[in-house]
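Sequential numbering of the sequence shown, starting at 1, is according to the UniProt record's numbering.
Virtual Cβ for every residue (Gly too), placed ideally from N, Cα, C.
Note that this is a predicted model, so its numbers are computed, not measured.
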Amino acid sequence: MQQATKLDALVDDALKDDQPYNTEKDPEKAVKNEQMWSGVYEIATAKMKEEADEWKGLMDVSLVFIAIFLAVLTAFLVPAAQSLSPPPSTSDAATNNGTSPPPPLPPHSDENVCALYYLALIMAMCNAVLCVLGRQWVGKLLSRPLGNSHLERTMRHEERKRLAYGWIRPLVAILYWSLLLSIGLFIAGLLYQLRNLSTSFEQTAVTLQATWGLGIVLVAGIIATITATTVHAVRFECSPFEGLFSKFIVKVVALLAQRISWVTAWRKSFHWDSSKLFQTYVGLIAEAHDPKLLDRAVPSFTYSAWLAYGGKSVTLLRRAYDRLMATDTSVRVRESVKAQVSLFAEYCLENYWTEGVKTALCDGEFPGFLTNQCSLPADFSSCTTFLSFRENNHDLRDLAKFPYKEQLAKIICTYDQDVPLGDREVLFHHALEAFDQMETDDMREGLSRVDPLSVVSSFMRGPNTYIPYWFIAEIVSRCHEEIILCMNNLLTDPPSNINPYVVTSIIYVLASSYRVQVPIDVDLSPLIEFIHPVGGLWPTVRGFMMDYAEARNSTTSPMPSTVLKFLQLCITYEYDGERDTRARAILDTHLPFVIPLPLSPQSSSASYIDIPEVETGTQLPPDRLRPSQIMMTVANQERSMHLA
């Protein structure tokens, strides 16, 4: 009993990553579940840490910049302050006379320059103080709150964050604008001082005046940039330039929109539809760095959603697929993606009549993408469904309802059709490989569901480049005579997709391994005409053709001219005493009844029979043959045999 319990525990532990999580049925316990609150606390602190790091980074940069800025500002402030003091000679004279009247007021221009520098200095110092205080407050915000449980710590953390946000967020905005104001005051004093200096001489200093003008242009460019970004933030709801000032203007614009109609049209609110939503989801998945987050995102990854909202290009879809199938993702994620192939195939069968399914699976890159994701044999039915939507493949659509073995059997017969067929080679080749790997009983069970001659016809017209062993053992061996007749009928008017290699291979197997008995009333001229150009087959099929010719010679049936021609060629190019004697006997019987006709352009259906003059037991080379050419038509030969 104890061992069984341990075994169950091991099984549960091994399968836990492939099973859904357990849920708490009691609402009260679900709300106060400590394990749940531990995860929620980490989520809350992670989000807070991200914002706090951004604030601390801004304050650190401000402190470093202020330190440099104060050093530069002081270098300009000291001479400006000294210019307000009376000259040393005047002070010494007043001291010698024993009187010390107050010095006269300095020029207003000097006062203004000094005032601008001092204001910039004070503003920068205040900014530095606020940065130091803000950094301390942010550090306190990140500290671990008091509490005996994750639930209590999470609630205290959220309350602390709510209270702190009312102070820290305005502080960050104040730091930003105070620093800009301090820099602005310094630049204003600098340009004002430069302007006064250029006009303090008898004549205007052209160089200083030009420098002042260039400074004005640069400052105007900066002000224009700030203004443009503020307007952008006011007009567009999701602008990256949004700030405190732009938010204030947005509220004013919202009030104006109630009275001025064009303001509403000018303000661009952000809206999204399902298409944009799904494309954003797929794009973020493709760029995900943390594989753990994909466990929560993968349930919404479906090909049907892409079909409805994804668009025509599959580039983004392929990137998301590659990310989800990467080695760093969990098994559950990868299995969820693989399962989408069969689910989408079912969706396509249920909605095959819709224009969206037809368009997506007929053209473009999406059909090829789906086919590449099919893992055979598990997704054989799905692959068949996807291919059925391509041109001239509608006959494949009903295969999904059959068992796997029956699907394979029907696929190997798929080319036995007299209609144009679409691309289905991947299914045909997989069916051949599947039958190769089957046990004998399973293979026979699958082949029993189809007509063997249909398999032969499909092989003769299919794209395969080899003859599998099971085809020879289970098809050829059981109906070799019927196969000869089937091949002969098909070659009578051969289709355009005939496969010469397969036809030649089948003929070779039949002629070399079986003694085929063909009815003598069957004209094998189409088969012989196909064999005629393939000289390598002559030695193999010569015996079979000799038996056929002798059987036909024993009857009153006319001998087809193609048979006579083939017998003559066998005598000419490969000597075999016994077979040559048999062939000559047949030729001697039938050639006297052949009526020679004069050469005529109109005799397009004539057959040429080359009869070499050779002695028994010898074979002349081709260059020494002395053929007498006899031209005849099949009709003339048959008439001559009938008169005999």
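**Prompt:** Ordered along the chain, which non-local residues of its own chain (more than five positions away) have a Cβ less than 7 Å from that of F245?
**Reply:** Within the sequence shown, residue 245 is the residue found at index 245, counting from 1. Answer for F245: T230, listed in chain order.
**Message:** Please state whether the Cβ-Cβ distance between P533 and T492 is less than 8 Å.
**Reply:** Translated into positions along the sequence shown, residue 533 becomes position 533. Translated into positions along the sequence shown, residue 492 becomes position 492. No. Outside cutoff.
**Request:** Inspect the beta-carbon positions of A585 and T540 and report whether they are closer than 8 Å.
**Result:** The sequence position of residue 585 within the sequence shown is 585, counting from 1. The sequence position of residue 540 within the sequence shown is 540, counting from 1. Against a cut-off of 8 Å, the Cβ pair of T540 and A585 comes out as no contact.
**Prompt:** So what does DSSP say about F471, is it helix, strand or coil?
**Reply:** Counting from 1 along the sequence shown, the entry for residue 471 is found at position 471. In the structure shown, F471 sits in a helix (DSSP, three-state: H, G or I).
**Message:** S182 and N127 - do their beta-carbons sit closer together than 8 Å?
**Reply:** Mapped onto the sequence shown, residue 127 falls at position 127. Mapped onto the sequence shown, residue 182 falls at position 182. Result yes, Cβ atoms of N127 and S182 sit closer than 8 Å.
**Cβ-Cβ separation, C131 to S62 (assumed contact under 8 Å), whole Å** = Numbered from 1 along the sequence shown, position 62 holds the residue referred to as residue 62. Numbered from 1 along the sequence shown, position 131 holds the residue referred to as residue 131. That belief holds up - the Cβ atoms of S62 and C131 are roughly 5 Å apart, short of 8 Å.
**Request:** For the stretch 72 to 80 and the stretch 144 to 158, state whether three or more C-beta atom pairs, one from each stretch, are separated by less than 8 Å.
**Result:** no
**Request:** Please look up how many angstroms separate the CB atoms of N488 and L453, rounded, as I've assumed it's under 8 Å.
**Result:** Looking up residue 488 in the sequence shown gives position 488. Looking up residue 453 in the sequence shown gives position 453. Between L453 and N488 the Cβ distance is about 12 Å, and since that is not below 8 Å, they are no contact.
**Prompt:** On the three-pair Cβ rule with 8 Å, is the stretch 319 to 332 touching the stretch 342 to 362?
**Reply:** no
**Request:** For R334, I'd like the list of residues in its chain whose CB is within less than 6 Å of its CB, leaving aside the five on either flank, ordered along the chain.
**Result:** As a working mapping, residue 334 is identified with position 334 in the sequence shown. Around R334: M325.
**Message:** Quick test of the definition: if touching needs 3 or more C-beta pairs under 8 Å, does the stretch 436 to 446 touch the stretch 475 to 485?
**Reply:** no
**Message:** So, with DSSP's three-state summary, where would you put E482?
**Reply:** For this step, residue 482 is matched to residue 482 along the sequence shown. If DSSP states are grouped into helix, strand and coil, E482 belongs with the helices.
**Item:** For C131, the three-state DSSP class (helix, strand or coil)
**Value:** What you label residue 131 is simply residue 131 of the sequence shown in a count that begins at 1. C131 falls in the helix class under three-state DSSP.
**First and last residue of the uninterrupted alpha helix (DSSP H) at L447** = Against the sequence shown, residue 447 aligns to sequence position 447. Counting along the chain, the alpha helix (DSSP H) containing L447 begins and ends at T440 to L447.
**Prompt:** So what's S149 in DSSP terms, helix, strand or just coil?
**Reply:** As a first step, residue 149 must be located in the sequence shown, where it is residue number 149. Looking at S149 - three-state DSSP - the assignment turns out to be coil, as it is neither helix nor strand.
**Item:** Nearest-angstrom Cα separation, counted from L116 out to I222
**Value:** Walking along the sequence shown from the start, residue 222 turns up at place 222. Walking along the sequence shown from the start, residue 116 turns up at place 116. Each residue's Cα considered, the two are about 19 Å apart.
**Message:** Assuming C191 and G215 are in contact, meaning their beta carbons sit under 8 Å apart, how far apart are those beta carbons, in whole angstroms?
**Reply:** Locating residue 191 in the sequence shown gives position 191, counting from the first residue. Locating residue 215 in the sequence shown gives position 215, counting from the first residue. Correcting the residue type first, residue 191 is Leu in the shown sequence and not Cys. At roughly 5 Å, the Cβ-Cβ gap stays under 8 Å, so L191 and G215 are in contact.
**Request:** Measure the beta-carbon distance from G422 to N392 and round it to whole angstroms, keeping in mind my assumption that it falls under 8 Å.
**Result:** If you number the sequence shown from 1, residue 422 lands on position 422. If you number the sequence shown from 1, residue 392 lands on position 392. Indeed they touch by this definition, with Cβ atoms about 4 Å apart.
**Message:** Residues in the same chain with beta-carbon distance under 7 Å from A360, minus the five sequence neighbours each way, listed in chain order, please.
**Reply:** Here residue 360 refers to the residue found at position 360 of the sequence shown. Excluding sequence neighbours, A360 sits near L307 and F366.
**Message:** If I follow the unbroken alpha helix (DSSP H) through I411, where does it start and stop?
**Reply:** Against the sequence shown, residue 411 aligns to sequence position 411. Run containing I411: Y404 to I412, per the alpha helix (DSSP H) assignment.
**Message:** So within the stretch 515 to 568, which uninterrupted alpha helix (DSSP H) runs reach at least 4 residues, ignoring any that extend past its ends?
**Reply:** 525 to 531 and 538 to 553
**Request:** Give the range of the alpha helix (DSSP H) segment to which A434 is assigned.
**Result:** Along the sequence shown, read from residue 1 onward, the residue named residue 434 stands at position 434. Start and end: E425 to Q437.
**Item:** Inter-residue Cα distance where the pair is R144 and H157
**Value:** Translated into positions along the sequence shown, residue 144 becomes position 144. Translated into positions along the sequence shown, residue 157 becomes position 157. Distance between the alpha carbons of R144 and H157 is about 8 Å.
**Prompt:** Which value, in whole angstroms, describes the spacing of the CA atoms of P170 and A52?
**Reply:** Position 170 of the sequence shown holds residue 170. Position 52 of the sequence shown holds residue 52. Their Cα atoms are separated by approximately 14 Å.
**Prompt:** With C-beta atoms as the reference, is A378 less than 8 Å away from L408?
**Reply:** For the purposes of this step, residue 378 is taken as the residue at position 378 of the sequence shown. For the purposes of this step, residue 408 is taken as the residue at position 408 of the sequence shown. Cβ atoms of A378 and L408: not closer than 8 Å.
**Contact belief for L399 with R424 at Cβ below 8 Å, rounded distance in angstroms** = Position 399 of the sequence shown, counting from 1, holds the residue named residue 399. Position 424 of the sequence shown, counting from 1, holds the residue named residue 424. About 10 Å; that fails the 8 Å criterion.
**Asked** When we look at the beta-carbon of G283 and count the other beta-carbons within 10 Å, is it buried (16 or more) or exposed?
**Response** Locating residue 283 in the sequence shown gives position 283, counting from the first residue. So G283 ends up on the exposed side.
**Backbone secondary structure at W353 - three-state DSSP** = The sequence position of residue 353 within the sequence shown is 353, counting from 1. Three-state DSSP puts W353 in coil, outside helix and strand.
**Prompt:** Is the distance from the Cβ of M125 to the Cβ of L185 below 8 Å?
**Reply:** On the sequence shown, residue 125 is found 125 positions in, with the first residue counted as 1. On the sequence shown, residue 185 is found 185 positions in, with the first residue counted as 1. For M125 and L185, no; Cβs fall outside 8 Å.
**Message:** On the CB-based measure, 16 or more other CB atoms within 10 Å of its CB, does H108 come out buried or exposed?
**Reply:** Locating residue 108 in the sequence shown gives position 108, where the first residue counts as 1. By the 10 Å Cβ count, H108 comes out exposed.
**Exposure label - A233; buried when at least 16 CB within 10 Å** = If you number the sequence shown from 1, residue 233 lands on position 233. It is buried - the Cβ of A233 has at least 16 other Cβ atoms within 10 Å.
**CA nearest to the CA of D451, picked from C413, P420 and R461** = Translated into the one-based positions of the sequence shown, residue 451 becomes position 451. Answer by Cα proximity: C413.
**Asked** Skipping 5 residues on each side, what residues in its chain have a beta carbon closer than 8 Å to that of R390?
**Response** Position 390 of the sequence shown holds residue 390. Here the set comprises L361, C362, P367, G422 and D423.
**Nearest residue (CA-CA) to I484, options S496, P494 and I507** = One-based indexing of the sequence shown puts residue 484 at position 484. The shortest C-alpha separation from I484 is found at I507.
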